[in-house]
Amino acid sequence: MKDTLKTPLIVVWGTGLTPPPISSHVGYQDMEQFISTVEDERSSDLLLGAINRNRPFRRFKETLIDLPELRDQWFVFHDRTMRRRAISG
0 MKDTLKTPLI VVWGTGLTPP PISSHVGYQD MEQFISTVED ERSSDLLLGA INRNRPFRRF
60 KETLIDLPEL RDQWFVFHDR TMRRRAISG
């Protein structure tokens with residue numbers, strides 16, 4: 000009899016293993032949630048404009064390249080969000 004894994008394998012960061020991928024819809028919501036935390040109106044508007052066009056993930060990334068202080072904040076936000084998902088399973 001073959002054992003089957005009923006839930007996805009979730010592991011701690013830094014082990015070389017990764018959690019299950021998220022859908023693009025969830026990724027888009029993460030970007031929206033991050034943008035809602037941005038206090039600078041100009042930066043917030045730039046990021047909103049980026050995700051409301053074709054290829055939102057690429058445009059979001061390109062916009063963050065021009066906003067290095069927010070780029071660092073995005074990586075912290077994204078890491079925390081993914082860790083919460085991994086823990087809550």
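Per numbering that gives the first Met the number 0, the sequence shown starts with residue 0, numbered consecutively. Glycine included, each C-beta is placed from N, C-alpha and C at the ideal position. In this text, all values refer to a predicted model and were calculated from it rather than measured experimentally.
Q.
If distances are taken between C-alpha atoms only, which option among 71, 46, 72, 30 comes closest to residue 62?
A. The residue you call residue 62 lines up with position 63 of the sequence shown. Selected option, being the one with the closest Cα: 46.
Q: Tell me whether residue 65 sits in a helix, a strand or coil according to DSSP, three-state version.
A: Position 66 of the sequence shown holds residue 65. Reduced to three states, the DSSP call for residue 65 is coil.
Q | Element boundaries [alpha helix (DSSP H), containing residue 44] | A | Here residue 44 corresponds to residue number 45 of the sequence shown, with the count starting at 1. Looking at the DSSP string, the run of the alpha helix (DSSP H) that includes residue 44 is 40-50.
(Q) Does residue 54 come out as helix, strand or coil in the three-state DSSP assignment? (A) Translated into positions along the sequence shown, residue 54 becomes position 55. In the structure shown, residue 54 sits in coil (DSSP, three-state: anything other than H, G, I, E or B).
**Q.** Other residues of its chain near residue 79: CB distance less than 8 Å, five sequence neighbours each side excluded
**A.** Translated into the one-based positions of the sequence shown, residue 79 becomes position 80. Correct list: empty, nothing qualifies.
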